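Top to bottom, those sequences are chains L and D.
My numbering applies: residue 8 is where the first sequence begins, and numbers increase by one.
My numbering applies: residue 8 is where the second sequence begins, and numbers increase by one.
Cβ coordinates follow ideal geometry from the N, Cα and C atoms, glycine included.
Note that the coordinates shown come from a computational prediction; the quantities given were computed from them, not determined experimentally.
Shown next, in structure tokens, is the structure this report addresses.
Number of protein chains: 2
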Amino acid sequence: MQFLHHLGLDDMKHLRTLHFIDTVARIGSIRKAAEELAINSSALNRQILAFEEEFGVAVFERLSRGVRLSTAGELLIQHIRAQLSDFSRLRSQIADLSGVRRGHVAIACTRAALPLFLPEQIALYRREHPAVTFDVQQRDRSSAEAALVDYSADIALAFEPVQHSAFQVLASIRQPVIAIMRQDHPLAGEDWPRLRHCLEHPLALPAQSAGVRQLLEIGAAAIGATLSPTIECESAQFLIRCAQEEGFIAFDIPLGIAEDGLADHGLVARSLHRRDTPDGNLYLGQLKGRTLSVAASKFVDQLVQMLER
Amino acid sequence: MQFLHHLGLDDMKHLRTLHFIDTVARIGSIRKAAEELAINSSALNRQILAFEEEFGVAVFERLSRGVRLSTAGELLIQHIRAQLSDFSRLRSQIADLSGVRRGHVAIACTRAALPLFLPEQIALYRREHPAVTFDVQQRDRSSAEAALVDYSADIALAFEPVQHSAFQVLASIRQPVIAIMRQDHPLAGEDWPRLRHCLEHPLALPAQSAGVRQLLEIGAAAIGATLSPTIECESAQFLIRCAQEEGFIAFDIPLGIAEDGLADHGLVARSLHRRDTPDGNLYLGQLKGRTLSVAASKFVDQLVQMLER
DNA sequence: CCCAAGTGATGCAAAAATTGCATCACTTAT
DNA sequence: ATAAGTGATGCAATTTTTGCATCACTTGGG
Chain L
8 MQFLHHLGLD DMKHLRTLHF IDTVARIGSI RKAAEELAIN SSALNRQILA
58 FEEEFGVAVF ERLSRGVRLS TAGELLIQHI RAQLSDFSRL RSQIADLSGV
108 RRGHVAIACT RAALPLFLPE QIALYRREHP AVTFDVQQRD RSSAEAALVD
158 YSADIALAFE PVQHSAFQVL ASIRQPVIAI MRQDHPLAGE DWPRLRHCLE
208 HPLALPAQSA GVRQLLEIGA AAIGATLSPT IECESAQFLI RCAQEEGFIA
258 FDIPLGIAED GLADHGLVAR SLHRRDTPDG NLYLGQLKGR TLSVAASKFV
308 DQLVQMLER
Chain D
8 MQFLHHLGLD DMKHLRTLHF IDTVARIGSI RKAAEELAIN SSALNRQILA
58 FEEEFGVAVF ERLSRGVRLS TAGELLIQHI RAQLSDFSRL RSQIADLSGV
108 RRGHVAIACT RAALPLFLPE QIALYRREHP AVTFDVQQRD RSSAEAALVD
158 YSADIALAFE PVQHSAFQVL ASIRQPVIAI MRQDHPLAGE DWPRLRHCLE
208 HPLALPAQSA GVRQLLEIGA AAIGATLSPT IECESAQFLI RCAQEEGFIA
258 FDIPLGIAED GLADHGLVAR SLHRRDTPDG NLYLGQLKGR TLSVAASKFV
308 DQLVQMLER
């Protein structure tokens, strides 16, 4: 019931069965879902069976090792998630009538938004609306969109490229690629270091799937060079530590780094020359066609303001 | 449960409470709603009270002579009606997966569509899909739109003027004003009788609120004349009978009359000269933003084809 | 091949929720 | 003042749901 509690729906009896079905669909096992729901599996099983009887169609296919949604069940689950979300929005709307904003906002975001940007925005919002709760999920760009579609996230902050048809862009901000290096690095004195100069030094790069990596690949291809990182890692913190300890050049976007924090570690950040690598875009978006709760849409308003400043 | 039965939802337990609330809201009395629902009023009352307890806000204001929706209740009822409709659509969608189209289509329409046009279209559709049921409500144009908004109708066929923001026009057809008179009427020999000539004869007109009446008023004003009907009535059948019995001129639109039927009664239909009265439009529409059931949207497709032929 | 583990389904009795009947409290109209 | 109409509530009967134990089946490992 933790999920329903987050949405403010845990006491709504008429939603109970829908929530049960959603949980079983997510976990893929009646016994395991019963554990999570803290009810007896026999009771859960009977609720599912009774619903299927009423519905006239099997919602789940029974496998030897659990259950999975039938074709009809796939359609039903979309309906269920929309209804749970709509009811939560309604509750939030009604709370707003009495001047108290409540609700829950689930955000799928790129790693870069986690250290500084999002915490700041959430703290700012919650100073005025302490009853609003948040769930923040780190997601790469394709799973951020999946999270929107399956209603596990209300909004997404995703880096380049965003191209899927269900993603409605609400705002975007350009982010140049930044080189992070030690203050005593040979290129630290350049205000706009050139990419070809960076490539002459050992590199610590994010993985191929990262948006920053792709921007660097584009820049390298344009000068007929190949990226040969000494270090590849998903963790920006790790890469920054390598820059500090071994003098590598790491790369990130401005939103992801606290520049005063870099100075404390003897590091500097320098935007690459714009001619060398294209800027990337960070997109704020939601599921097309969905009406967000008041809490979520007001938070979106705040983010849009911030991003378009 | 007749309503839920029509929507194919009468066996869905999780919708029961929602349906109860909808019925009480519609009727405005817990005891009377209990009668319609064929349950004990005490049980119904407790369901309402229990829901309000869970919801944390009163859904109804209690009056000495019944109940009415609170402000929060107004928001809730929209959600309830949307959910009931969405679930019905889902059921219909799933039935379509198995190749059997079922569902229920509720139509709010102008009187003129009732004698011939709609019956024909429904019969045509039901020859292929006999499991689809229909509810046809005669509504003037403003109450047709209200029916869309409160989900008591899925689609509407309304005559001029249609101007409200919630009405999404799907198709329209121009309809000239037609004069109906006896074959031996002095103007019966004219192919396109002039309005000013008609005004020299006794008239049997629809009421002020009818679209045809308004088109005639426009035409009369343009020639500086005033309509002085000897007979005013809402019923087109009545007016046509007066034309037959007493030689009045009655007016209608082509969609509302079966011309071979007129000849059987010694009557003829003549389109007024277009310069005298503007054509009116008959609009087919739905509630903006709503996704119709497969049954309803396929019926709409059929009507659009018919109207645009 | 046998056994263990994991899974959904089901019988039976206990627990919980809902319902029907009777009544109460209040308002309105005559 | 009384009657009628309305929603709310006490209490017991009825219905539904749940927990426990067990069954039936599949899969994987020895």
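Would residue i and residue j qualify as a contact pair, given that the criterion is a beta-carbon distance under 7 Å?
| i | j | result |
| --- | --- | --- |
| Glu81/L | Asp18/D | no |
| Leu289/L | Phe166/L | yes |
| Leu123/D | Ala257/D | no |
| Leu212/L | Pro193/L | no |
| Glu241/D | Ala214/D | yes |
| Val143/D | Ile114/D | yes |
| Leu274/D | Ile187/D | yes |
| Leu155/L | Cys116/L | no |
Spell out whether any CB of chain D is found under 7 Å from the CB atom of residue i.
| i | result |
| --- | --- |
| Ile129/L | no |
| Leu56/L | no |
| Ala32/L | no |
| Val74/L | no |
| Val64/L | yes |
| Glu61/L | yes |
| Ala79/L | yes |
| Gln100/L | yes |
| Leu44/L | no |
| Gly226/L | no |
Output yes if chain L places a C-beta closer than 7 Å to the C-beta of residue i; else output no.
| i | result |
| --- | --- |
| His26/D | no |
| Gln90/D | yes |
| Asp103/D | no |
| Asp18/D | yes |
| Leu97/D | yes |
| His86/D | yes |
| His21/D | yes |
| Leu82/D | yes |
| Met8/D | For Met8/D, the predicted structure reports a pLDDT of 48, less than 50, and the residue's modelled location is therefore unreliable. A value from the coordinates is still provided. No, Met8/D lies away from the interface with chain L (no Cβ there is under 7 Å from its Cβ). |
Hey, out of the options, whose CA is closest to residue i's CA?
| i | options | result |
| --- | --- | --- |
| His111/L | Glu127/L, Arg118/L, Thr117/L and Tyr132/L | Tyr132/L |
| Asp306/L | His86/L, Arg282/L, Ile162/L and Ser278/L | Here residue 306/L is Phe; the residue named in the question, Asp, does not match the sequence. That would be Ile162/L, whose Cα lies nearest to the Cα of Phe306/L. |
| Ser216/L | Asp283/L, Pro137/L and Arg118/L | Arg118/L |
| Thr233/D | Arg248/D, Leu202/D and Ala41/D | Leu202/D |
| His86/L | Pro209/D, Ser77/D and Ile101/D | Ile101/D |
| Arg98/D | Ser95/L, Leu121/L, Asn52/L and Glu59/L | Glu59/L |
| Gln190/D | Ala45/D, Gly254/D, Ile46/D and Pro285/D | Gly254/D |
| Arg228/D | Asp103/D, Thr140/D, Asp283/D and Arg23/D | Looking at the sequence shown, residue 228/D is not Arg but Ala. It is Asp283/D whose Cα lies nearest to the Cα of Ala228/D. |
| Arg96/D | Leu83/L, Leu310/L and Ser49/L | Leu83/L |
| Leu104/L | Arg146/D, Ala195/D and Ala79/D | Ala79/D |
| Leu260/D | Ser92/D, Pro285/D and Gln128/D | Reading off the sequence, residue 260/D comes out as Ile, not Leu. Answer by Cα proximity: Pro285/D. |
| His21/D | Leu91/L, Ala40/L, Arg72/L and Glu43/L | Leu91/L |
| Ile247/D | Gln312/D, Ile185/D and Ile230/D | Ile185/D |
| Gly218/D | Cys205/D, Glu197/D, Pro183/D and Pro200/D | Pro183/D |
| Ala138/D | Glu207/D, Ser179/D, Arg108/D and His204/D | Arg108/D |
| Ile129/L | Leu314/L, Gln309/L, Arg316/L and Glu315/L | Gln309/L |
| Ser300/L | Ser71/L, Asn47/L, Glu315/L and Asp93/L | Asp93/L |
| Leu56/D | Ile28/D, Ser71/D, Gln251/D and Ala40/D | Ile28/D |
| Gly226/D | Leu206/D, Ala89/D, Glu239/D and Ile238/D | Leu206/D |
| Asn52/D | Thr24/D, Gly63/D, Ser71/D and Ser77/D | Thr24/D |
Hey, is the region 21-39 of chain D in contact with the region 55-69 of chain D, meaning 3+ C-beta pairs nearer than 8 Å? yes
If contact is defined by three or more beta carbon pairs under 8 Å, each pair taking one atom from either stretch, is the region 221-231 of chain D in contact with the region 275-290 of chain D? yes
3-residue-minimum beta strand (DSSP E) runs that sit fully inside the region 215-298 of chain D, ordered along the chain: 256-259, 274-278 and 287-294
At 4 residues or longer, what runs of the alpha helix (DSSP H) sit wholly inside the region 16-85 of chain L? 23-34, 37-44 and 48-62
Which complete beta strand (DSSP E) runs does the region 95-125 of chain L hold, if anything under 3 residues is left out? 110-116
Using 8 Å as the cut-off, can you tell me whether the region 174-183 of chain D makes contact with the region 289-301 of chain D, which would need three or more C-beta pairs spanning the two stretches below that distance? yes
Those runs of the beta strand (DSSP E) which lie wholly inside the region 125-185 of chain L and span at least 3 residues: 139-145, 162-166 and 174-182
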